[in-house]
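To start, the structure itself, in structure tokens.
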Amino acid sequence: MLMRAMAVGLWAPGVADGRVWLTGRHSDVQGQPAAAILPPMVRRRSSFLTRMLADVFAQITTTTDRSSVASVYASAYGETGALADLLDQLAIEGELSPIRFCGSVHNAASGQISIVCENKALTTSIAAGRHTVAMALLEAQSLLADGIEQVAVVCGDVLPPPTLCDARFAPLAAGLLLRGGPPDGTELGLLRDLLADDMLTESIALNSAQWSNPCSGALVLVDTLLRTTSIRVGLSPVGQQGWGIDVVAASGLPLEVA
Numbered sequence: 003m004l005m006r007a008m009a010v011g012l013w014a015p016g017v018a019d020g021r022v023w024l025t026g027r028h029s030d031v032q033g034q035p036a037a038a039i040l041p042p043m044v045r046r047r048s049s050f051l052t053r054m055l056a057d058v059f060a061q062i063t064t065t066t067d068r069s070s071v072a073s074v075y076a077s078a079y080g081e082t083g084a085l086a087d088l089l090d091q092l093a094i095e096g097e098l099s100p101i102r103f104c105g106s107v108h109n110a111a112s113g114q115i116s117i118v119c120e121n122k123a124l125t126t127s128i129a130a131g132r133h134t135v136a137m138a139l140l141e142a143q144s145l146l147a148d149g150i151e152q153v154a155v156v157c158g159d160v161l162p163p164p165t166l167c168d169a170r171f172a173p174l175a176a177g178l179l180l181r182g183g184p185p186d187g188t189e190l191g192l193l194r195d196l197l198a199d200d201m202l203t204e205s206i207a208l209n210s211a212q213w214s215n216p217c218s219g220a221l222v223l224v225d226t227l228l229r230t231t232s233i234r235v236g237l238s239p240v241g242q243q244g245w246g247i248d249v250v251a252a253s254g255l256p257l258e259v260a
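Structure below.
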């Protein structure tokens with residue numbers, strides 16, 4: 003089935019949201035994601051990744067009931083940084099902090115956000131390597147086909163410890179609020195298997211550090227939606243074969259931008 007994009011959001015160093023992204027006037031200040039949706043105490047003990055995902059979730063659900071929207075969180079590496087710290091702590095001290103352990107699991111962001119929003123709807127966390135963004139969209143498409151009204155999809159990755167990953171990339175997160183139904187807005191078509199040469203790297207001017215992020219495809223997709231462009235978007239990091247999706251820009255319901 004086709005999906006409709008109702009709202010988009012993003013966060014990257016120096017870029018607080020979609021409006022700032024479109025201006026091209028990105029700040030050189032490397033701050034933390036605001037993540038205002040999280041209470042101060044929760045925010046202080048949350049990881050950088052959880053704060054990024056919470057910030058983008060808040061952007062795409064500004065006019066949506068956050069207590070009832072289904073959600074899909076996607077990250078190729080997840081909270082491996084927190085996990086590595088726990089393993090070091092276990093090796094040195096022989097004990098683990100329960101609070102830090104809660105933040106080391108792959109669904110840490112999903113759990114924290116669901117709790118603070120009192121959300122009892124379906125939520126899941128996806129990890130699929132370079133196919134992470136595509137599989138998050140496939141999960142959302144399946145949920146919509148099963149009758150769920152709307153799904154918030156939030157994708158993001160931060161650099162894991164060097165012992166777990168040789169790659170180097172900048173942190174980023176991007177998300178969409180998706181619905182099924184009549185084609186009265188910008189549509190996302192079926193996922194398509196693309197060759198590396200078809201990944202449309204020229205569709206957006208990401209820097210090399212962003213392109214290497216496993217979730218860079220989510221940022222490319224959000225940029226395409228913000229610019230109301232009809233194009234086939236590659237969802238994997240640059241130079242890697244993977245899945246793509248067709249974006250058909252159409253007149254109709256306006257796209258919400260934080």
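Just remember that our numbering sits 2 ahead of the position in the sequence shown, which is counted from 1.
No residue lacks a Cβ here, since even glycine has one placed at the ideal position from N, Cα and C.
Worksheet item: Counting along the chain, where does the beta strand (DSSP E) carrying R27 start and finish?
Response: First-last for R27: undefined, no H or E at that position.
Worksheet item: Taking the DSSP output, what are the residues bridged to I94?
Response: None, per the DSSP bridge assignment.
Worksheet item: Taking the runs of the beta strand (DSSP E) that are 3 residues or longer, which of them lie wholly in the stretch 132-176?
Response: 152-159
Discussion item. Using the three-state DSSP reduction, which class does R68 fall into: helix, strand or coil?
Written reply: coil
Practice prompt. Measure the C-alpha to C-alpha separation of V222 and Q152 and round it to an integer number of angstroms.
Written response: 22 Å
Worksheet item: Which value, in whole angstroms, describes the spacing of the CA atoms of G96 and D90?
Response: 9 Å
Worksheet entry | Contact belief for I39 with A14 at Cβ below 8 Å, rounded distance in angstroms | About 18 Å separates the two Cβ atoms, so there is no contact after all.
Worksheet item: Just checking my contact of V135 with L237 at CB under 8 Å: how many whole Å lie between their CB atoms?
Response: 4 Å
Practice prompt. Can you tell me the Cβ-Cβ gap for Q34 and F50, rounded? I've got them flagged as a contact below 8 Å.
Written response: 7 Å
Worksheet item: How about Q243: is its Cβ closer than 7 Å to a heavy atom in the ligand ATP?
Response: The ligand ATP is not part of this structure, which contains no ligands at all.
Fill in: Terminal residues of the beta strand (DSSP E) in which L12 lies
5-13
Item to complete: Consult DSSP for D195 and reduce its assignment to one of helix, strand or coil.
Response: strand
Worksheet item: Start and end of the alpha helix (DSSP H) containing T52?
Response: 50-62
Discussion item. Could you compute how far the alpha carbon of R170 sits from the alpha carbon of L146?
Written reply: 35 Å
Worksheet item: Under a Cβ-count criterion, where at least 16 other Cβ atoms within 10 Å of its own Cβ denotes burial, should D199 be classed as buried or exposed?
Response: Model confidence at D199 stands at a pLDDT of 49, short of 50, so the residue's coordinates are unreliable; what they give is reported in the following sentence. Exposed: under 16 other Cβ atoms inside 10 Å.
Practice prompt. Identify every residue that forms a DSSP beta bridge with T226.
Written response: Answer by DSSP bridge pairing: none, since T226 is not bridged.
Worksheet item: Which same chain residues, not among the five before or five after T82, have their C-beta less than 6 Å away from its C-beta?
Response: P162, L166
Worksheet item: So what's A76 in DSSP terms, helix, strand or just coil?
Response: Strand, per DSSP.
Discussion item. My output table needs one value for L85: the three-state DSSP class, helix, strand or coil.
Written reply: helix
Fill in: Straight-line Cα distance separating R27 from M5
31 Å
Worksheet item: Can the beta-carbon of N121 be found closer than 8 Å to that of S69?
Response: yes
Discussion item. Let's test the definition: count the other Cβ atoms within 10 Å of the Cβ of T230 and tell me whether it reaches 16, buried, or not, exposed.
Written reply: exposed
Worksheet entry | Straight-line Cα distance separating Q242 from A130 | 14 Å
Fill in: CB contact flag (A78, T125, <8 Å)
no
Worksheet item: Residues in its own chain within less than 8 Å of I247 by CB, not counting five upstream and five downstream?
Response: A136, L139, L190, G191, L192, L193, R194, L223, R234, V235, L237
Item to complete: Using beta-carbon positions only, say whether V22 and L227 come within less than 8 Å of one another.
Response: no
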